[in-house]
Amino acid sequence: MSDKIEAVKKLFTSKSSRVETNKGDTYYQDLFAKCEARLNEMRAQTPANRLDFSELLEENGIDRREFMKWASATTAMLMLPPMFTPLVADAAVMMNRAPVIWLELQDCAGNSEALLRADGPKIDEIVLDIISLEYHETLQAAAGFQAEKQLDEAMETFKGKYLLFVEGSIPMGMNGQYGTIGAAGETFHDHLMRCSENAAAIVAVGACATFGGIPAASPNPTGAVGVMNVVKNKPIINIPACPANPANMVGVILHYLLTGQIPELDSLLRPKFAFGYRIHDNCERRAHFDAGEYVEEWGDKGAQNNFCLYKMGCKGPMTFNNCSIVRYNEGINWPIGVGRGCIGCSEPDFWDKYAYERPMADAKIKAPTGGVEKTVDEFGLGMLTAVGIGIGIHAAASAVAGKREKSGESHE
Amino acid sequence: MSKHIVVDPITRIEGHLRIEAVIDENNTIVDAYSASTMFRGIETILQGRDPRDCGLLAMRICGVCTGTHYQRSIEAVEDAFKITIPKNARIVRNLIQGALYVHDHLVHFYHLHALDFVDVVSALSADPAKTAAEARKWAAVAGESPFIDGEGEFKAIQDRVAKFVKQGRLGIFGNGYWGNAHYKLTPEQNLIGVAHYLQALEIQRDLAKMQAIFGGKNPHPQSIVVGGVTCVQDIQNPARIAQFKSLLLAGRKFVKEAYLPDVYMAGTMYAGEATDSKATFTELMAGKGVGGTGGGLLNYMSYGDFRLDDTGFYKSGLLFPSGIVYGGDISKVADVDQAKIAEDVTHSWYKGDKPLHPYEGQTIPEYTGLDKREDGIAYLKTKEKYSWIKSPIYNDTRVEVGPLARMVVGVARKDKRITKYVTEFLQRGNLPIAVLFSTVGRTAARAIETSLMSDVMIEWVDELAANAAAGDLKTWTDFNFDEVSMSTKGMGLAEAPRGSLGHWVSIADGKVVNYQAVVPSTWNAAPRDYKGRMGAYEASLIGTKVANPEQPLEIIRTIHSFDPCIACAVHVVDTKGKELAVYKVDTSCSI
Ligand code: SF4
Ligand code: SF4
Chain A
72 MSDKIEAVKK LFTSKSSRVE TNKGDTYYQD LFAKCEARLN EMRAQTPANR LDFSELLEEN
132 GIDRREFMKW ASATTAMLML PPMFTPLVAD AAVMMNRAPV IWLELQDCAG NSEALLRADG
192 PKIDEIVLDI ISLEYHETLQ AAAGFQAEKQ LDEAMETFKG KYLLFVEGSI PMGMNGQYGT
252 IGAAGETFHD HLMRCSENAA AIVAVGACAT FGGIPAASPN PTGAVGVMNV VKNKPIINIP
312 ACPANPANMV GVILHYLLTG QIPELDSLLR PKFAFGYRIH DNCERRAHFD AGEYVEEWGD
372 KGAQNNFCLY KMGCKGPMTF NNCSIVRYNE GINWPIGVGR GCIGCSEPDF WDKYAYERPM
432 ADAKIKAPTG GVEKTVDEFG LGMLTAVGIG IGIHAAASAV AGKREKSGES HE
Chain B
2 MSKHIVVDPI TRIEGHLRIE AVIDENNTIV DAYSASTMFR GIETILQGRD PRDCGLLAMR
62 ICGVCTGTHY QRSIEAVEDA FKITIPKNAR IVRNLIQGAL YVHDHLVHFY HLHALDFVDV
122 VSALSADPAK TAAEARKWAA VAGESPFIDG EGEFKAIQDR VAKFVKQGRL GIFGNGYWGN
182 AHYKLTPEQN LIGVAHYLQA LEIQRDLAKM QAIFGGKNPH PQSIVVGGVT CVQDIQNPAR
242 IAQFKSLLLA GRKFVKEAYL PDVYMAGTMY AGEATDSKAT FTELMAGKGV GGTGGGLLNY
302 MSYGDFRLDD TGFYKSGLLF PSGIVYGGDI SKVADVDQAK IAEDVTHSWY KGDKPLHPYE
362 GQTIPEYTGL DKREDGIAYL KTKEKYSWIK SPIYNDTRVE VGPLARMVVG VARKDKRITK
422 YVTEFLQRGN LPIAVLFSTV GRTAARAIET SLMSDVMIEW VDELAANAAA GDLKTWTDFN
482 FDEVSMSTKG MGLAEAPRGS LGHWVSIADG KVVNYQAVVP STWNAAPRDY KGRMGAYEAS
542 LIGTKVANPE QPLEIIRTIH SFDPCIACAV HVVDTKGKEL AVYKVDTSCS I
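In structure tokens form, the structure reads like this:
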């Protein structure tokens, strides 16, 4: 038994992400030159709005040091070496060269709300000054035909250049009629196809737009799917989670500005800089996991001592996301911090696989077979099987210790 | 000849809403239809799941009042399991919920509603010195000093907006109804509005942090579980509680020094509309006639909310009392009996032939589509089904829910605290009580409530701190799941920022058998019912005069006053006449 525990521990503590954080000097020098060229090109372009970023910083009482601090944190988040910091700062200054059109489909507006809580550059600067947000139903002044016209004009003016952010899933059932928009009653599907046609790239934000999210949860009454299931032949970046972390939204825009390319993605089209490692790898309760100290029931001594939440259904070990590092609402807290555990919201089908109050032992999830890529994805596969083993071990260990086997299921 | 206006999308709301209105030759709205155009089926998705997991899923009904759905869902299960939660859990839930009220109302007023009152373009011609004086004047009405009153600060904001406008692309401010004759603020007042709009963007980020402290994140908090809450470490850490309190105090300062004065300002400038009802005050009070512009149904319901003691559900004292006031007559108030709630689907895209109580409720889609027209507009088939929202009925009447309903019911119940806040507001603003029964009144009630909430929460934070300091760290009540989940049902009935919210759950063999949520926007945004009676949005639009049909500013102003949140409610509109001239709203005001 102790051998097995050791094996599981090793697995859980191994370098999980396989995101190459150091690709060697040549690689970065190359990339640096590319980014410089790209930024020079951007500089020469007429921005969507002609605002002087440095002036705005000054007006907002943000000094250069503060700004550079932010730039270096962002550089690290994008998994770039420190030498990129000045480039990231330059790219931020040119955020207004990336027109953004934001669509809401089968959504709850959670991601728009999250965007409003974005940190880093203050949100009013993001909305009003930096990003050129051309269309956003939850925020824009215009309604009805004026709104539709606003959208058409933006798509025409920035043809081939705008980033199309999509929030919410696409209902495919009943010929798409579970969701319509505009006076003509265009279906969400047709609306998305029309708006994506001339987009430079599509950024799907939130669990719904990426993998179908809650509307797609069993039995998926409306036939909801994510953007990548309907839009083909376009670069798509998925930023899953429920809601997506605003830090990752800003990160993707910055990366695009900086490199002119979409970031390195995993097989689920998630940027590796954000989804390259598991919650569990950087969890603040990790030491307790390793020590076998668990919360056994809500509010017990373990809970009061911040023990590991694995037995209360934490899905951190099988969830790829960076919220254990960036957290939420300017780092104030996050689900594990608040003692509830991770529900795996950045993974496909998490509503049916992970989002429940019991550990994986009860889940009977089959490991996926075939077509699985290397690196992050390969590890994902490893985890699913390994966790099965791990749970067995812990369950056995608790049984030995005279505790109940399955948390939440039986109470004596 | 009447004209038919279609507004879709209604922006600056949560969800997908469409309004169709018919106006007569005097540009007065004579008919209106409200429809939601998106369906997700979350109630169906909840069937068959473990009741302990419902909260996480039900919360996603809405990304705005997300914590409220979360709590209602958990409470429905706790009610079914007959669990009473510990003191810490009650207070923490109140704080998470209260933080949402303050945050949500503020965002609603400034970012979703203010542009219906504030003409951004007009702010460009304001005199910054006069603006500062104006800001002092309205703050004085509220008995406060202004949040900002420096001429320089207003000048800087004006310059910033001017620069933005000059470079030609307005982004989210593009194509607004700027310059419309029904904008009533002076350039200086508009500049105050714009300044606070921008400041509120920043403040709201801090307010959201309050919810994250005990909820883990915002939106979609994660710390509430059946039986209590999980955030023990945040409760036992005095620094955490202090952090919450300091965020609250900062938010409260903005509420008192900016939000309230701005509502006095808008309320006074738009008071004509609030009191333009032909009915006399006595008639109004007797339930005869309609209120001012946007008054609507005048029947107000509140389930009540915020438990003030630790007795079980529906027995504890409440911050907002429950009750129903009919016809705006605050001399009487009836008790709410949840058995009298039913949902009708005559005009909704669902199967069904009679109103059903939520325990019996069904959600079986039956989409019959829009009418096809050749002019590029597809109209709602208003004689038939025309919305994804059902029509809730209480005791066979249509009612309005929301902050206004809470304040009206509170006053009718003679609740000391609510009456004090409402009367003080009206007295300070020198406004008659009749202004409440209108679009402007709905907006004012929300501000009054925010002010009350930001005061009362300070008491709650102190109560939590004292309780934890006394060594009480209990956050969860144990229960035997196998026993309590065999065959039972329960409900979570309380208030969301937008109004009365109920979740009803039936459970058998540890699984959800039926689940129905009747949400605030269902009450308000619902289509006609089986008797052809209007929902609150529809009724509130009738009689409104539209200055320029190409810019339906008055329509969105009234609709926004309800703070629509449609993802959870889902529906919209149709026309009645056959010979309607189609009036496509397509002139944009370019600046
Ligand atoms: S992913 Fe989550 S937060 Fe985003 S729209 Fe869907 S339910 Fe809302
Ligand atoms: S709380 Fe979750 S993510 Fe953290 S160590 Fe435990 S299992 Fe891993």
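Residue numbers (our numbering), protein chains in the order written: chain A, 72 to 483; chain B, 2 to 592. Think of the CB as a built atom: it goes at the ideal place given N, C-alpha and C, for glycine as much as any other residue. These figures come from a predicted structure and were not determined experimentally.
If we ignore side chains and look at the alpha-carbon of each, how far apart do serine 143 (chain A) and threonine 478 (chain B) end up?
One Cα belongs to serine 143 (chain A), the other to threonine 478 (chain B), and the distance between them is close to 46 Å.
- Message: For glutamine 221 (chain A), would you say it is in contact with chain B, using Cβ-to-Cβ distances shorter than 8 Å as the test?
- Response: Contacts with chain B at 8 Å (Cβ-Cβ) include glutamine 221 (chain A).
*asked:* Can you determine whether any heavy atom of ligand 1 sits closer than 7 Å to the C-beta of alanine 318 (chain A), and answer yes or no?
replied: Because no heavy atom of ligand 1 lies under 7 Å away, the Cβ of alanine 318 (chain A) does not count as near it: no.
Name the chain B residues whose beta carbon is nearer than 7 Å to that of threonine 251 (chain A)? In chain order: Thr38.
With respect to the beta strand (DSSP E) encompassing arginine 19 (chain B), which residues constitute its N-terminal and C-terminal limits? Residues 18 to 24.
Taking the CB atoms as reference points, tell me whether glutamate 26 (chain B) and histidine 5 (chain B) lie closer together than 8 Å.
For glutamate 26 (chain B) and histidine 5 (chain B), no; Cβs fall outside 8 Å.
Subject >> Rounded separation between phenylalanine 174 (chain B) and isoleucine 390 (chain B) - CA only >> reply: If you draw a straight line from the Cα of phenylalanine 174 (chain B) to the Cα of isoleucine 390 (chain B), it is about 30 Å long.
Going by DSSP in three states, threonine 446 (chain A) sits in which element: helix, strand or coil? Its pLDDT being 32, under 50, threonine 446 (chain A) is placed unreliably by the model, and nothing is read from it.
Q: Would you mind sorting glutamine 212 (chain B) into buried or exposed? The rule is 16 or more other CB atoms within 10 Å of its CB.
A: By the neighbour-count rule (16 or more Cβ atoms within 10 Å), glutamine 212 (chain B) is buried.
By the 8 Å beta-carbon criterion, what residues does the region 263 to 282 of chain A contribute toward chain B?
Here the close residues number zero.
Margin query: Between isoleucine 419 (chain B) and proline 222 (chain B), how many whole angstroms is the CB-CB distance? I'm expecting something under 8 Å.
Written below: That pair is no contact at about 27 Å.
key: Three-way DSSP call (helix, strand, coil) for glutamate 274 (chain B) in this model   = Look at glutamate 274 (chain B) here: in three-state DSSP terms it is helix.
Chain B beta carbons: is any one of them nearer than 8 Å to that of proline 406 (chain A)?
-> Judged by the 8 Å Cβ criterion, proline 406 (chain A) is in contact with chain B.
For chain A, find out if any of its Cβ atoms is closer than 8 Å to the Cβ of valine 8 (chain B); answer yes or no. For valine 8 (chain B), the nearest beta carbon of chain A is closer than 8 Å to its own beta carbon.
| request: Could you tell me if the beta carbon of glutamate 238 (chain A) falls within a distance shorter than 7 Å of some heavy atom in ligand 1? | output: Look at glutamate 238 (chain A): its beta carbon is less than 7 Å from one of the heavy atoms in ligand 1.
Going by CA-CA distance only, name the one from B:Gly144, B:Phe148 and B:Ser247 that's closest to leucine 199 (chain B).
Measuring C-alpha to C-alpha distances from leucine 199 (chain B) to each of B:Gly144, B:Phe148 and B:Ser247 identifies B:Phe148 as the nearest.
Worksheet entry | Candidates B:Asp32, B:Gln72 and B:Val103, of which the one nearest proline 498 (chain B) by Cα | Among B:Asp32, B:Gln72 and B:Val103, the Cα nearest to that of proline 498 (chain B) belongs to B:Val103.
message: Within 8 Å, do at least three Cβ pairs link the region 428 to 436 of chain B to the region 380 to 387 of chain B?
response: As far as the Cβ criterion goes, the region 380 to 387 of chain B does not touch the region 428 to 436 of chain B, which means the pair count is below three.
### Message
Taking 8 Å as the threshold (C-beta atoms), are histidine 504 (chain B) and arginine 73 (chain B) in contact?
### Response
In contact: arginine 73 (chain B) and histidine 504 (chain B) (Cβ atoms closer than 8 Å).
- Query: Quick one: is cysteine 313 (chain A) near chain B, going by C-beta distance under 8 Å?
  - Reply: Yes, because at least one Cβ of chain B sits closer than 8 Å to the Cβ of cysteine 313 (chain A).
| message | Rounded to whole angstroms, what is the Cα-Cα separation between alanine 595 (chain B) and leucine 261 (chain B)? | response | What the structure shows of chain B is the stretch from 2 to 592, and residue 595 (chain B) is not part of that stretch, so it cannot be assessed.
Q) Name the chain C residues whose beta carbon is nearer than 7 Å to that of valine 233 (chain B)? A) In summary, chain C is missing from the structure at hand, where the protein chains are A and B.
Suppose you measure from the CA of asparagine 549 (chain B) to the CA of asparagine 28 (chain B); what does that come to, to the nearest Å?
Near 8 Å, if we compare the C-alpha coordinates of asparagine 28 (chain B) and asparagine 549 (chain B).
Please state if the CB of alanine 169 (chain A) and the CB of leucine 234 (chain A) are separated by a distance shorter than 8 Å. Closer than 8 Å, so yes.
Answer yes or no: the CB of cysteine 232 (chain B) versus the heavy atoms of ligand 2, is any distance below 7 Å? Answer for cysteine 232 (chain B): no, Cβ out of range of ligand 2.
* Span of the beta strand (DSSP E) holding glutamine 517 (chain B)? -> 512 to 519 is the span of the beta strand (DSSP E), which, as asked, contains glutamine 517 (chain B).
Three-state secondary structure (DSSP) of proline 342 (chain A): Taken through DSSP and simplified to helix, strand or coil, proline 342 (chain A) comes out as strand.
Next on the checklist: Quick check on this structure: which residue in B:Ile434, B:Phe482, B:Leu465 and B:Val423 has the alpha carbon closest to the alpha carbon of arginine 447 (chain B)?
Outcome noted: For the set B:Ile434, B:Phe482, B:Leu465 and B:Val423, the Cα lying nearest the Cα of arginine 447 (chain B) is the one of B:Val423.
**Item:** CB contact check: alanine 213 (chain B) to chain A, cutoff 8 Å
**Value:** True, the Cβ-Cβ gap to chain A drops below 8 Å.
Can you find a heavy atom of ligand 2 that lies under 7 Å from the Cβ of proline 406 (chain A)? For proline 406 (chain A), the distance from the CB to the nearest heavy atom of ligand 2 is not below 7 Å.
Assign tryptophan 139 (chain B) to one of three DSSP states: helix, strand, or coil. Three-state DSSP puts tryptophan 139 (chain B) in a helix.
Since valine 506 (chain B) is in the beta strand (DSSP E), which residue starts that stretch and which ends it?
-> Segment 500 to 509, the beta strand (DSSP E) holding valine 506 (chain B).
Kindly examine ligand 1 and report whether one of its heavy atoms sits closer than 7 Å to the Cβ of isoleucine 285 (chain A). Flag set: Cβ of isoleucine 285 (chain A) near ligand 1.
ask   = Roughly how many angstroms separate the alpha carbons of asparagine 269 (chain A) and phenylalanine 229 (chain A), rounded to a whole number?
value = Rounded to whole angstroms, the gap between the alpha carbons of asparagine 269 (chain A) and phenylalanine 229 (chain A) is 8 Å.
(request) Specify, as a first and last residue, the run of the alpha helix (DSSP H) that threonine 440 (chain B) falls within. (result) From DSSP, the alpha helix (DSSP H) with threonine 440 (chain B) extends over 440 to 470.
Count the other CB atoms, across all protein chains shown, that sit within 10 Å of the CB of glycine 215 (chain A); report buried if there are 16 or more and exposed otherwise. Classification for glycine 215 (chain A): buried.
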